[in-house]
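Taking the working numbering, I'd label the letters of the sequence shown as residues 1010 to 1834.
The beta carbon of each residue, even a glycine, is placed where N, CA and C say it ideally should be.
Take a look at the structure set out below.
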Amino acid sequence: MVGADVQEGSAVGPRTAAGPERALAGTERAELEALRQALASAPDAFVSIDDDGVLTDWNQAAADLLGRERTEVLGLPMTEVVVPPELREAHRAGLERYRTTGERTVSGRPVEVEALHRDGTRVPVEITIWPTWVAGERRFHAFLRDLRPRRTAEQALARREELARTTFDASPSGIAVLEADGTIVQVNPALVALLGRGSGGLLGLTTADLVHPDDLEACRAAGSQADAAPGHAVAVEHRLRRADAGHVLVRSHVTTVLTPAGAQRRVVQMEDITDRRAEQERTRRRSRVLLTTVRVQQAVAAAGTDRAAVLQAVADGAVSAFEAADGAVVELLEGTQLRYAATAGALAAHAGLRLPAAGSLSGTAIEEGVSLLCGDTATDPRVDPRTCERTGVRSACTAPLVSGHRTVGVLKVSSSRAGAFTAEDAQLLQLLAGSLAAGLRHADDATRNATLLAECTAALEALEMSEQRFRMMFDGSPLGMVLTSLDAADAGDFLQANTAMSEITGYSLHRLSGMGLRDLQHPWDAADSSELTARLVAGELDTATTETRFVHADGRTLWVRLRSAVVRDEHDAPLYLVAQVEDVTQRLAEQAQLAERNRELEEANQLKLDLIGMLGHEIANPLASIQGYSELAAQCWDQLEEADRRRSVEAVHRGAQRLDTILREVLAMVSVDAGQLSATPERVLVRAVADAALASVPGAAPAVHCPPDLAASVQPGHLEQVLVNLLSNAAKYGGGATAVRAEAAGDRVLVRVEDAGPGVPEEFRGRLFERLARADATAGTVRGTGLGLYIVRELLLANGGDVRHAPRPGGGSVFTVELPAAGRG
């Protein structure tokens, strides 16, 4: 490009095509100049040195890269400007070797080195050097490319790759990377540990090699969904085969990603949920047993003293409580034998069967007092295999029945298959056995109580009539009644409650049995009632009446009147507490409503009195003026001068206007109080309304500062009425308005009415916008209803605006009206 005179040469001299060098032609000089200009503006640094190593060229990119301007470095040795001190000797030696021998080491190929910046720092660069002969002189040229951006990017990439590797390897979840055909190409340590295989044993396997056959179709479907939406995870639960031939349940999230080459790969993150699912299953089984236990307890309570019904309820409940059970039996110890007292399920046909306690699993459970588990009756030496074969029992779980301090039998569940029950089943069965033991104790206690009752019948005959009368009064009372124990063992528990008490509290009579006032009272009232009960028991009070709160069974709060008294024996010792409960919730609510209504009536009456007083004061003056001047005109019209006639008519007109103003303000107040004030805002030009308001207020001539196109959203007439009231107030109390200023403030319009009067007394400012409010200082000297500012605020509120007052600097007041701004029409 630069002509024959610019050629790469050897160490000993230039190569010439045709003898002695010739001078550059004009065209060649132009091409050379274009080349120099291109190099000067190149984005990479460009430098040139002569045969002695002195800098002869230095473009702007070199100046930007190394911090030295062209004018500073031209004519200086390159070793002092660019080469770091420790490399300068090697640079000189290489240059000299090339000049002498022509041997190249770095010339003609890119080499990464460090260049010296003006501030002494090292700049990593990629340098490409080549020699040339120009006009018989050898030059060395070099391009220097700044490597800092590339190295920064390489370091960031390395960090990201290291972070990805660290995250991949350290993840607690198993992760596998699969080809599009499902072949595993990468796994992390967590997956290796999860499957019990070496990483080498997993690479190359496919989804079909690891996924349980029954789950393979679901996994393939999840992969297809992930392929259809790259970058979005698809979840699927499935089983994986472990190296030990077992299975692990996992929840996988499958995400399809694209490699830089555009190929699809699947990243599968697997979380071991085996223990979670097992725990959920255990929880479900426990819940099932607990729910059945509650139902059995209810059935036992319903059976009451019927011992056989109690036993059968527990046997039936045991079969339904354990999914693995197909039979259940209650075995009672009678001498040395165990009798099948109640049976259910597969064992129902063996009701009444008697077996020796010795040599049986049930006998061992009774002897040791613990629940026992038999996984297989065919191999367990603790069972009688012939009896088990006869009854069809292959596995069983047995829990002892304890009554008082004595074991009276066992509750057993059975299955026709081996290994049906777990150690946890044995624990849950013991819980169910407790329900049966409690039912047996209740039935036995009922039997003993019946015996004692029969023995005491004769002694109680004298009290029977009194008891019947008390029972009739107690049960038939329209008020709730309870007897509360004062015995140390069950102090505070209800011994007895009547039907009315059940209806008041929402709890059944059975549920109330064993409850106490502590269970019914609102927590905030419990302490006061406890103190009152203590005073009654101590004899400080004979009776006590209080109003307190109960919490109804449905959760709502109700108020009751509680009248309490202590029943004592012949030695004045407290026996129990009798309480009468009356629901006063509705009565208290009605009292509160009545009080609120009375308050409203009192306010209305006061308003009426205030209104009458105001009207009597405000109407009297204009009415007297109208009457006086109208009588004068009627009687002496012909004798009056024209000026007197005009004054009379104007006086009547002013009085009528005053009465009209009072009437409109009172009607506006009534509309506000009745909730009938409403507004339909429209676009209104503020300047036009201000001019109309000024025309309606005699003598009002304030300066008006308002853009002609400023518009507010307000019902026509409301803004004029507001401004008329404010201008009239300024005339009455402030010597007249001095300025009306309007401006836009965002999406609001602000209109300020200013006066230079004495201002609003500080103690009155808080009541300034209240109904019928007037300052004491001016109430006797300035006419007014006290309704103007109240109506102003209500009108503005109806239009989505408001009004506020502020003292004017230097004296006077500023009333600011705020309304929504309207768009341009």
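Measuring only the C-alpha atoms, how far is Tyr1107 from Asp1053?
25 Å
What three-state label does DSSP hand Ser1182 in the structure shown?
coil
How close, in whole Å, do the beta carbons of Leu1341 and Ala1350 come, if the pair is a contact with beta carbons under 8 Å?
5 Å
Looking at Gln1439 and Ser1380, is the spacing between their C-beta atoms short of 8 Å?
yes
Based on Cα-Cα distance, which residue from Glu1398, Ala1367, Glu1729 lies nearest to His1359?
Glu1398
Whose C-beta lies closer than 7 Å to the C-beta of Leu1504 among residues of the same chain, with five residues either side of it excluded?
Leu1492, Thr1493, Ser1494, Tyr1585
Minimum length 4: unbroken alpha helix (DSSP H) runs contained in the segment 1078-1160
1079-1082, 1087-1090, 1094-1110
Collapsed DSSP secondary structure at Cys1383 in the structure displayed:
strand
The alpha helix (DSSP H) spanning Cys1406 covers which residue range?
First-last for Cys1406: 1404-1412, but that is the beta strand (DSSP E), not the alpha helix (DSSP H).
Whose C-alpha, out of Ala1739, Arg1761, Pro1816, is nearest the C-alpha of Glu1772?
Pro1816
Is Asp1756 buried or exposed, if buried means 16 or more other CB atoms sit within 10 Å of its CB?
exposed
Span of the alpha helix (DSSP H) around Tyr1742
1727-1742
Residues near Thr1373 in its chain [Cβ-Cβ closer than 7 Å; skip 5 each side]:
Leu1381, Arg1391
Are Arg1403 and Asp1389 closer than 8 Å when you measure CB to CB?
no
Looking at Leu1736: is its Cβ nearer than 8 Å to the Cβ of Val1706?
yes
Coil, strand or helix - Trp1646 by DSSP:
coil
If you measure between the beta carbons of Leu1211 and Val1277, is that distance less than 8 Å?
no
Within 10 angstroms of the Cβ of Pro1711, are there 16 or more other Cβ atoms? Answer buried if so, exposed if not.
buried
Between Ser1423, Thr1292, Asp1534, Thr1514, which has its C-alpha nearest Ala1324's C-alpha?
Ser1423
If I'm right that Arg1558 touches Gln1530 with Cβ under 8 Å, what's the distance once you round it to whole angstroms?
7 Å
Through-space distance from Gly1726 to Val1693, alpha-carbon basis
10 Å
Kindly indicate the opening and closing residues of the alpha helix (DSSP H) around Val1576.
Not the alpha helix (DSSP H): Val1576 falls in the beta strand (DSSP E), residues 1566-1577.
Using the Cα positions of Ala1242 and Leu1156, report the straight-line distance between them to the nearest angstrom.
39 Å
Under 8 Å, do Thr1292 and Leu1356 count as touching if we go by C-beta distance?
no
Exposed or buried, Leu1044, counting other C-beta atoms within 10 Å across all chains shown (16 or more means buried)?
exposed
CB-CB under 8 Å to Gln1595, same chain, minus the five flanking residues each way: which ones, in chain order?
none
Less than 8 Å separating the beta-carbons of Ala1688 and Gln1724?
yes
Restricting to runs no shorter than 4 residues, where is the alpha helix (DSSP H) found entirely within the segment 1306-1380?
1316-1330, 1370-1377
Touching by the beta-carbon criterion (3+ pairs, under 8 Å), the segment 1258-1277 and the segment 1407-1424
no
Just to confirm, is the Cβ distance from Arg1570 to Thr1552 under 8 Å?
no
Per DSSP, which one or two residues make a beta bridge with Thr1416?
Val1411
Measuring only between beta-carbons, confirm whether Leu1440 sits less than 8 Å from chain C.
Of the chains in the structure shown, none is chain C; there is only one protein chain.
From Val1560, Leu1798, Gly1232, residue whose alpha carbon lies closest to that of Asp1528:
Val1560
Can you give the Cα-Cα distance for Met1603 and Met1510, rounded to whole angstroms?
Residue identity check: residue 1603 is Leu in the sequence provided, not Met. C-alpha separation (whole angstroms): 28 Å.
Taking 7 Å as the cut-off, is the CB of Val1658 close to at least one heavy atom of the ligand COA?
Absence of the ligand COA from the depicted structure is noted, as is the absence of any ligand whatsoever, leaving it without description.
Within 8 Å, strictly: CB atoms of Val1749 and Ala1699:
yes
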